[in-house]
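Asks: This is the structure, below, for whatever I ask next.
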Amino acid sequence: MPRARLPISDSENFLLHIMAAHSPLSAKLAEEAGFDGLWASGFELSALYGLADMSLITMTQHLDMLRAIAGQSSLPIVADIDTGYGNALNVIHAIREYEKAGAAAVVIEDKTFPKVTSLAAEGRQELLRIEEFQGKIEAAIAARQDPDFLVIARTEALIAGLGEEEALKRGMAYVEAGADLILIHSKKKDPAEIESFSRAWKGSAPLVIVPNAYPELDATRIKALGNIRMTIYGNYGIRAATTAMQDAFRRIITDGGVQNVHKDIVPVEEIFRLQKMDQVKADEKRFLR
Ligand code: SPV
Ligand code: MG
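If you're matching positions, the sequence shown starts at 1 in my numbering and goes up one per residue.
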């Protein structure tokens, strides 16, 4: 059975809320919470391995996790494939692999390989020539089997400090190359940069944003802009998990045991539920003789 696609033509549900997932468990929790899709985030998976988000995670590692996530959640998955693991020829290979693995969409960014994470203060940010990145988008479009598998082009022009005019020019060039949506990323704390880009955007493709740096831009404000179709909560899974573990682990050391903390974390039965232990019990009854 083909996996779920993103309901991009459903005008009722104009703004899709996509939650970062770094594991099958986090994907399940996102699905239960009611998100429309999952973001197979490079940043989150890198952090899970204790690594910086700078093309250190291999395509195989990312694909393995995406397959594991796809096995545990029926939500559509937007795969963060960074720069596409090389040039346009690497992109062709990546698209085939990600489509087969069960992704519903990929996001490819216009940075050079190896990339450097977007949000770091004074991060080195080098962008590809526009024509070269257009070739990568055209390669992605040509390589997909299903036309509903979305190719999202991400411009890092604002992240690289090149300004709105360059970002708009790049966005238009990527639409011309066939991108289904344009992801515009910003690391400004003030959402004004994204709001201004969105108001100035005249391209035919809708926009995608990742409000990591500018959290005040909530769904009401995003919808008011009218052309943002997807909001990706890009690092909230790993940050929430880190907060919870830091708190619990510190308390266990401070308290000299788990006598207090156990009341404030989920009981093991909740983990059993997520592991579908009921099914295991039923299978035991049925098959073990
Ligand atoms: C990711 O989650 O991997 C992203 C978003 O690409 S960000 O880290 O904010 O660039
Ligand atoms: Mg990323």
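Idealized CB from N, CA, C, for every residue including glycine.
Just so it is clear, the structure is predicted and the values come from calculations on it, not from any experiment.
1. Ignore the nearest five residues each way along the sequence and tell me which others in residue 180's own chain have a CB closer than 7 Å to its CB.
2. Who are the near neighbours of residue 26 in its chain, counting only those whose CB is closer than 6 Å to its CB and skipping five residues on each side?
3. Could you tell me whether the Cβ atoms of residue 107 and residue 67 are closer together than 7 Å?
4. Should the segment 221-237 be regarded as contacting the segment 40-47, the criterion being three or more beta carbon pairs within less than 8 Å?
5. Helix, strand or coil for residue 70 per DSSP?
6. For residue 162, which residues of its own chain have a beta-carbon under 8 Å away from its beta-carbon, when the five flanking residues on both sides are left out?
7. Is any heavy atom in the ligand SPV found nearer than 6 Å to the beta carbon of residue 42?
8. Cβ-heavy atom distance between residue 123 and the ligand SPV below 6 Å?
9. Just how far apart, CA to CA, sit residue 223 and residue 13?
10. Give me the DSSP bridge partner(s) of residue 268.
11. Could you pull out every residue in the same chain whose Cβ sits closer than 6 Å to the Cβ of residue 48, ignoring the five residues on either side in sequence?
12. If you draw a straight line from the C-alpha of residue 58 to the C-alpha of residue 256, how long is it?
13. State yes or no: is the C-beta of residue 64 nearer than 6 Å to some heavy atom of the ligand MG?
14. Give the list of continuous beta strand (DSSP E) stretches no shorter than 3 residues that lie fully inside the segment 115-146.
15. According to DSSP, is residue 6 part of a helix, a strand, or is it coil?
Replies: Taking the structure as given:
1. 150, 151, 152 and 205
2. 237
3. no
4. yes
5. helix
6. 127
7. yes
8. no
9. 11 Å
10. Looking at the DSSP assignment, residue 268 forms no beta bridge with any residue, so it has no partner.
11. 22
12. 40 Å
13. no
14. none
15. coil
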